[in-house]
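Participant: My structure is below; once you've seen it, I'll send some questions.
Chains as they are written, first to last, in my numbering: chain F, 1 to 205; chain C, 1 to 205.
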């Protein structure tokens, strides 16, 4: 079974053994003949997939009653994969979602690491620091790099930690963020676990 | 006595009775003949002011031992004005600084509201929401506008509130942020209060 999570920049495939990515701009979905179960937050790609009979959009098989209308299908799939925890999905945006007792409790969205770096750079070249993900969050920063890192990702990390729930990191930038979340689980394939649960529940074929 | 706080975009003057702004790009500092006590975080403007004898840079009169080397002089002046509290200075960047017992304890920097909006927009047009500053911070967001607002300014507001200190808001975007900080003081002239304290201590003339 081939699964695919399509974001703003890439197709992320998982064939049950290995995962790999193809760039959203150049990959040709018509080149695949087998059935692909997918989710997609990229409207251009979605329009291209709609006419292809072997690409099955899992968005239609989710019980949306647990979520809100405009919530991204990628966030929903991550929540479906977890019974209790905080999910931090660090891609072009960083989403933080809380699930308790199998129910979505709410979540929020921060620009991704690249967009945050760019935002500081645009405010002033004097704020153009690389983030220090080894930052200690228990004391207030007393140098510029720490001050920028704390504002960019420290606030988020402190907020996530304060939930007192297991933390699961996923998304392309998860490895960078890991040191800010001691004890967190890193699961690059989290969304695929949610997709498999949905397929098992719905048996869309 | 004429005071001036020069930022990335404007000269902010205060003559002891009223404050007014002039755009950094077009204002001609040579046009003023009286003594102007100033602070400046804009290197282009600083270079232009250096040869002008009637423009007195207050940066040289601050005891920097309480702060760190690369800390902006605007943040230092705000801290000088306060004995106990959290200062939120919302301009092209938002700086948050903590002062306890007259001592700077540390602080951090977040991109300003304009830069944050731009960052969300660049990540995806689907995240292009105006922030809702009436957001309730005691529950997790369950709609997209709240999810974006919480990520942009809610985390910061929750962190500031958790300090348990008086909160003082200043900077051009302070009026927008005020609803997120119940009980906070809004002082658009806070930096000038710090500048006056420095002048009184140092008597630079």
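By construction, the Cβ of each residue, glycine as well, lies at the ideal position given by its N, Cα and C atoms.
Small disclaimer: the values here were computed from a predicted structure and weren't measured.
What in chain C is Cβ-close to residue 109 of chain F, meaning under 9 Å?
Facilitator: Within chain C, the residues near residue 109 of chain F are 120, 123, 127, 141, 144, 147, 148, 150, 151 and 152.
Participant: Determine, using beta carbons only, whether residue 54 of chain C comes closer than 9 Å to chain F.
Facilitator: Not one chain F Cβ lies under 9 Å of residue 54 of chain C.
Participant: Keeping to the same chain, check which residues put their C-beta closer than 8 Å to that of residue 161 of chain C; ignore five residues upstream and five downstream.
Facilitator: For residue 161 of chain C, where only same-chain residues beyond five positions count, the Cβ hits under 8 Å are 137, 167 and 181.
Participant: If you check the beta carbons only, do residue 72 of chain C and residue 171 of chain C fall under 9 Å apart?
Facilitator: No, the Cβ-Cβ distance between residue 72 of chain C and residue 171 of chain C is not below 9 Å.
Participant: Select from the segment 46–74 of chain F all residues with a C-beta closer than 9 Å to any C-beta belonging to chain C, and list them in chain order.
Facilitator: Listed by position, the residues of the segment 46–74 of chain F near chain C (Cβ gap below 9 Å) are 67, 68, 69, 70, 71 and 72.
Participant: Find the residues of chain C that neighbour residue 105 of chain F, judging by a C-beta separation of less than 7 Å, and give them in chain order.
Facilitator: Residues of chain C passing the Cβ test: 140.
Participant: Roughly how far, in whole angstroms, is the beta-carbon of residue 107 of chain C from the beta-carbon of residue 98 of chain C, given that I think they are within contact range, below 8 Å?
Facilitator: Going by Cβ atoms, the distance from residue 107 of chain C to residue 98 of chain C rounds to 6 Å, so yes, they are a contact pair.
Participant: What does residue 158 of chain F reach in chain C if we use C-beta pairs closer than 7 Å?
Facilitator: Neighbours of residue 158 of chain F on chain C, chain order: 159.
Participant: Using a Cβ cut-off of 8 Å, pull out every chain C residue sitting near residue 92 of chain F, in sequence order please.
Facilitator: Those within 8 Å of residue 92 of chain F in chain C are 123 and 124.
Participant: Can you check whether the CB of residue 3 of chain F is closer than 9 Å to the CB of residue 89 of chain F?
Facilitator: Against a cut-off of 9 Å, the Cβ pair of residue 3 of chain F and residue 89 of chain F comes out as no contact.
Participant: Please report how far the alpha carbon of residue 127 of chain F lies from the alpha carbon of residue 147 of chain F, in whole angstroms.
Facilitator: C-alpha separation (whole angstroms): 9 Å.
Participant: Give the straight-line distance between the Cα atoms of residue 35 of chain F and residue 1 of chain F, rounded to the nearest whole angstrom.
Facilitator: The alpha-carbon atoms of residue 35 of chain F and residue 1 of chain F are separated by roughly 7 Å.
Participant: In terms of residue numbering, what span does the alpha helix (DSSP H) encompassing residue 148 of chain C cover?
Facilitator: Here the alpha helix (DSSP H) through residue 148 of chain C covers 144–149.
Participant: Does the pairing of the segment 61–81 of chain C with the segment 70–85 of chain F give three or more beta-carbon distances under 8 Å?
Facilitator: No: fewer than three Cβ pairs fall under 8 Å.
Participant: Could you name the residues of the segment 176–197 of chain F whose beta carbon sits closer than 7 Å to any beta carbon of chain C, in the order they occur along the chain?
Facilitator: Those would be none; no residue qualifies.
Participant: Figure out for me which residue from C:66, C:140, C:55 and C:118 has the closest Cα to the Cα of residue 86 of chain F.
Facilitator: Of the listed residues, the one whose Cα sits closest to residue 86 of chain F is C:140.
Participant: Consult DSSP for residue 29 of chain F and reduce its assignment to one of helix, strand or coil.
Facilitator: It is helical.
Participant: Does any CB atom of chain F fall closer than 9 Å to the CB of residue 95 of chain C?
Facilitator: Yes - at least one Cβ of chain F is within 9 Å of the one on residue 95 of chain C.
Participant: Taking DSSP's pairing of strands, which residues face residue 43 of chain C in a bridge?
Facilitator: Residue 43 of chain C is not bridged to any residue.
Participant: Tell me where the beta strand (DSSP E) around residue 98 of chain C begins and ends.
Facilitator: Start and end: 93–100.
Participant: Evaluate residue 117 of chain C with the Cβ neighbour count: other Cβ atoms within 10 Å of its Cβ, from every protein chain shown; 16 or more gives buried, anything less gives exposed.
Facilitator: Buried is the call here.
Participant: Could you tell me the distance, in whole angstroms, from the CA atom of residue 105 of chain C to the CA atom of residue 94 of chain C?
Facilitator: Computed Cα separation, rounded: 17 Å.
Participant: How many Å lie between residue 43 of chain F and residue 114 of chain F at the Cα?
Facilitator: Straight-line Cα distance between these residues: approximately 21 Å.
Participant: Measure the beta-carbon distance from residue 11 of chain F to residue 22 of chain F and round it to whole angstroms, keeping in mind my assumption that it falls under 8 Å.
Facilitator: That belief holds up - the Cβ atoms of residue 11 of chain F and residue 22 of chain F are roughly 4 Å apart, short of 8 Å.
Participant: Cβ of residue 82 of chain C less than 9 Å from any chain F Cβ?
Facilitator: Closer than 9 Å: no.
Participant: Determine the closest residue to residue 177 of chain C out of C:31, C:119 and C:157, with distance taken between C-alpha atoms.
Facilitator: The residue with the shortest Cα to Cα distance from residue 177 of chain C is C:157.
Participant: Answer yes or no: does any C-beta atom of chain F fall closer than 9 Å to that of residue 165 of chain C?
Facilitator: No, no contact with chain F.
Participant: Interface residues of chain C around residue 98 of chain F at Cβ under 9 Å?
Facilitator: Residues of chain C passing the Cβ test: 140.
Participant: Cβ of residue 204 of chain F less than 9 Å from any chain C Cβ?
Facilitator: Because residue 204 of chain F carries a pLDDT of 49, less than 50, the predicted location of this residue cannot be relied on, and no value is offered for it.
Participant: What does residue 112 of chain F touch in chain C if you count any residue whose Cβ is under 8 Å from its own?
Facilitator: Residues of chain C passing the Cβ test: 123.
Participant: Indicate the three-state DSSP secondary structure (helix, strand or coil) for residue 107 of chain F in the structure shown.
Facilitator: Residue 107 of chain F: strand per DSSP, three-state reduction.
Participant: Please name the residue, chosen from C:68, C:110 and C:155, that lies closest to residue 122 of chain F on a Cα-to-Cα basis.
Facilitator: Closest option to residue 122 of chain F, Cα to Cα, is C:110.
Participant: Beta-carbon within less than 8 Å of residue 198 of chain C's beta-carbon, same chain only, minus the 5 sequence neighbours each way: which residues are those?
Facilitator: Around residue 198 of chain C: 58, 61, 62, 77 and 80.
Participant: With a threshold of 8 Å on Cβ separation, who are the neighbours of residue 54 of chain C within its own chain once the five nearest residues in sequence on each side are excluded?
Facilitator: Cβ neighbours of residue 54 of chain C beyond the five flanking positions: 32, 33, 34, 35 and 36.
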